[in-house]
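S.K.:
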Amino acid sequence: MNGINLWELIEKQADAVIFDMDGTLIDSMGIWYDIDREFLSKRKLEAPSGFDEKIEGKSFHEVARLFKETFLLPETVEQIMGIWYQMAYERYAHGMQMKEGAQELLRRLSQHNKKIGIATSNSRKLTECCLNDIGILSYFDTIVTANEVTYGKPCPDIYKKAAQNLDVNPEKCVVFEDTGAGIAAGNAAGMTTCLVFDAYNSHKYTENSVISDFSIRSFCDIIKR
């Protein structure tokens, strides 16, 4: 969409904006990288090559199942999820940081009466405690987690459900995502997509920007216009 200003498109053509959370709104992808490594290290295990890409965009439950199947873990899927939840809770409940410019963008969207949603592969409890701690939970008209749909990203289910909850046609939605799986999900849902740079996915930023309608290095690229 060369020549089209993203904020102008949002202001004039969009009824809703839907955000991925981890790595998009919140600078948190490093947390899951550390949790995965710590979890495996305690069991003297190592992730095979390409495993990070394999779990990208999957729901909490889907990732736990992949861990169990890949590493032949004795714990149940529910037990694995419980372990991860305990490892992540303190990090998410206290002191998480938003991406630069994200809060100002949320404020502007609210001022322009745009509906705002979250579509995340994280759990609902961690999502809500994180957004509440930062003080932005009230901005969101809906929160959908991948555990609440049949298939996680890159399938479009989570974005379709978010649009349904917001009572907005998918083509009137703009999606912000930091991963290729997330962009693919937004595209498949028929929405306008924007790739957001994240340090942990920087090696794929150029590749993923090709499949996205827009790409930004920072939310400041939007709000400064």
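Under our numbering, the sequence shown has 948 at position 148, and the numbering climbs by one with no breaks.
Just so you know, even glycine gets a beta-carbon here, dropped at the ideal spot from N, CA and C.
Since this is a predicted model, take the numbers as computed values, not measurements.
Between TYR892 and CYS955, what straight-line distance do the alpha-carbon atoms span, to the nearest angstrom?
M.R.: Answer to the nearest angstrom: the Cα atoms are 26 Å apart.
S.K.: Considering Cα atoms alone, identify which of LYS842, ALA985, THR993 is closest to CYS973.
M.R.: If we check each option's Cα against that of CYS973, THR993 comes out closest.
S.K.: Measure the CB-CB distance between ASN922 and THR942 and report whether it falls below 8 Å.
M.R.: Contact: no.
S.K.: With a 10 Å radius around its C-beta and 16 neighbouring C-beta atoms as the bar for buried, classify ASN802 as buried or exposed.
M.R.: At ASN802, the pLDDT of 44 sits below 50, so the modelled position is not reliable and the matter cannot be decided from this model.
S.K.: Apart from the five residues on each side of it in sequence, which residues of its chain come closer than 6 Å, Cβ to Cβ, to VAL817?
M.R.: Hits under 6 Å: LEU909, LYS914, ILE916, VAL974.
S.K.: Just verifying my parser: in three-state terms, what is the DSSP assignment at ILE1011?
M.R.: It is helical.
S.K.: Locate the alpha helix (DSSP H) running through LEU937, then write down its first and last residues.
M.R.: LEU937 -> no alpha helix (DSSP H), and no H or E assigned at all.
S.K.: Let me know the beta strand (DSSP E) ranges lying completely inside the stretch 949-1008, each 3 residues or longer, listed in chain order.
M.R.: As far as the stretch 949-1008 is concerned, its whole beta strand (DSSP E) runs of at least 3 residues are 973-977, 992-996.
S.K.: Taking 6 Å as the limit between beta carbons, can you name the residues of its chain near HIS861, skipping five residues before and five after?
M.R.: Same-chain partners within the cutoff: ASN947.
S.K.: Would you mind giving the Cβ-Cβ distance between ASN1008 and GLY980, rounded to the nearest angstrom? I have them listed as a contact below 8 Å.
M.R.: Yes, ASN1008 and GLY980 are in contact; Cβ-Cβ is about 4 Å, under 8 Å.
S.K.: SER828 and MET896 - do their beta-carbons sit closer together than 8 Å?
M.R.: Closer than 8 Å, so yes.
S.K.: Look at PHE997 and GLY901 and say whether their C-beta atoms are less than 8 Å apart.
M.R.: Contact: no.
S.K.: Compute the Euclidean distance between the alpha carbons of LYS953 and LYS960, then round it to the nearest angstrom.
M.R.: C-alpha separation (whole angstroms): 11 Å.
S.K.: With GLY857 as the anchor, note down where its alpha helix (DSSP H) starts and where it stops.
M.R.: That residue, GLY857, is in no alpha helix (DSSP H); it is neither H nor E in DSSP.
S.K.: Under three-state DSSP, which class holds PHE871?
M.R.: Looking at PHE871 - three-state DSSP - the assignment turns out to be helix.
S.K.: Let me confirm a value: PRO970 is counted as buried when at least 16 other C-beta atoms fall within 10 Å, else exposed. Which label applies?
M.R.: Classification of PRO970: buried, given that the 10 Å Cβ count is 16 or more.
S.K.: In the DSSP assignment, the beta strand (DSSP E) including LYS914 goes from what residue to what residue?
M.R.: LYS914 -> no beta strand (DSSP E), and no H or E assigned at all.
S.K.: Around the Cβ of LYS899, are there at least 16 other Cβ atoms within 10 angstroms (buried) or fewer (exposed)?
M.R.: It is buried - the Cβ of LYS899 has at least 16 other Cβ atoms within 10 Å.
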